[in-house]
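To start, the structure itself, in structure tokens.
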Amino acid sequence: MIDYDSLCAKLSALTRDVPYSISNLANAAALLWQELPDINWAGFYLADNNLLYLGPFQGKPACIEIPFGKGVCGTAAAESATQLVPDVHAFPGHIACDSASNSEIVVPIRKDGAVWGVLDIDSPHFGRFTEFDRIGLEKFVAILEKALFG
305 MIDYDSLCAK LSALTRDVPY SISNLANAAA LLWQELPDIN WAGFYLADNN LLYLGPFQGK
365 PACIEIPFGK GVCGTAAAES ATQLVPDVHA FPGHIACDSA SNSEIVVPIR KDGAVWGVLD
425 IDSPHFGRFT EFDRIGLEKF VAILEKALFG
């Protein structure tokens with residue numbers, strides 16, 4: 305089982321007193337890539353005018369632009385709600401950036417109540433992400449929000 309308390313403590317240490325958003329996002333993606341088992345992509349999409357643009361990540365090259373409301377990432381952004389998807393192939397409008405991905409979790413990142421971006425993590429395993437992961441990754445994003453926006 306993943307120790308999300310330890311993962312969050314590592315993120316806090318990596319982002320403490322670092323004023324650069326891209327640096328913090330890059331280290332957060334690298335930390336997730338290093339610490340989470342059974343994933344094939346971990347990274348961020350950043351919002352601008354109802355579009356999500358590829359940000360720092362670890363994994364294979366990815367989709368560059370995703371409209372709000374499209375796919376798992378766009379749905380998380382449009383609804384401002386975490387999306388926990390055990391089978392991406394059953395998700396309406398799924399965008400297949402990597403055909404090896406079978407499950408996904410996407411957590412919105414908010415600034416002043418508005419979606420600023422999303423954390424996106426994919427796995428080649430069906431049902432890889434659970435409610436335990438949702439809770440842990442929402443805590444992870446809360447720490448990241450504090451680092452990014454104070």
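Counting from 305, one number per residue, gives the positions in the sequence shown under my numbering.
All C-beta atoms, glycine included, are put in the ideal place defined by N, C-alpha and C.
One question on the structure: do Leu358 and Ala351 come within less than 7 angstroms of each other, judged by their Cβ atoms? no
Look up Trp345 in the DSSP assignment and give the residues it is bridged to.
For Trp345, which the question treats as bridged, DSSP gives the partners Gly363 and Asp426.
- State yes or no: is the C-beta of Phe430 within less than 7 angstroms of the C-beta of Ser407? yes
Practice task
Leaving aside the five residues before and after Leu329 along the sequence, list all residues of the same chain whose C-beta is less than 7 angstroms from its C-beta, in chain order.
Solution key: Phe348, Gly359 and Pro360
When we look at the beta-carbon of Gly484 and count the other beta-carbons within 10 Å, is it buried (16 or more) or exposed?
-> Nothing about residue 484 can be reported from this structure: the residues present for the chain run from 305 to 454 only.
query: For the beta strand (DSSP E) that contains Ile447, what are its first and last residues?
result: In the DSSP assignment, Ile447 falls outside any beta strand (DSSP E) and within the unbroken alpha helix (DSSP H) covering Glu435 to Phe453.
Original post:
Where do the ends of the alpha helix (DSSP H) carrying Leu336 lie?
Top reply: Ser325 to Glu339
Worksheet item: If you run the structure through DSSP and keep just helix, strand and coil, what is Lys415?
Response: strand
On the CB-based measure, 16 or more other CB atoms within 10 Å of its CB, does Phe433 come out buried or exposed?
By the 16-neighbour rule on beta-carbons within 10 angstroms, Phe433 is buried.
* Applying the criterion that 16 or more other CB atoms from any shown protein chain within 10 Å of the CB defines a buried residue, is Pro412 buried or exposed? -> Residue burial is scored here from C-beta neighbours: Pro412 has at least 16 other C-beta atoms within 10 angstroms and is therefore classed as buried.
Which partner residues does Glu408 have in the DSSP bridge list?
Val389 and Asp426
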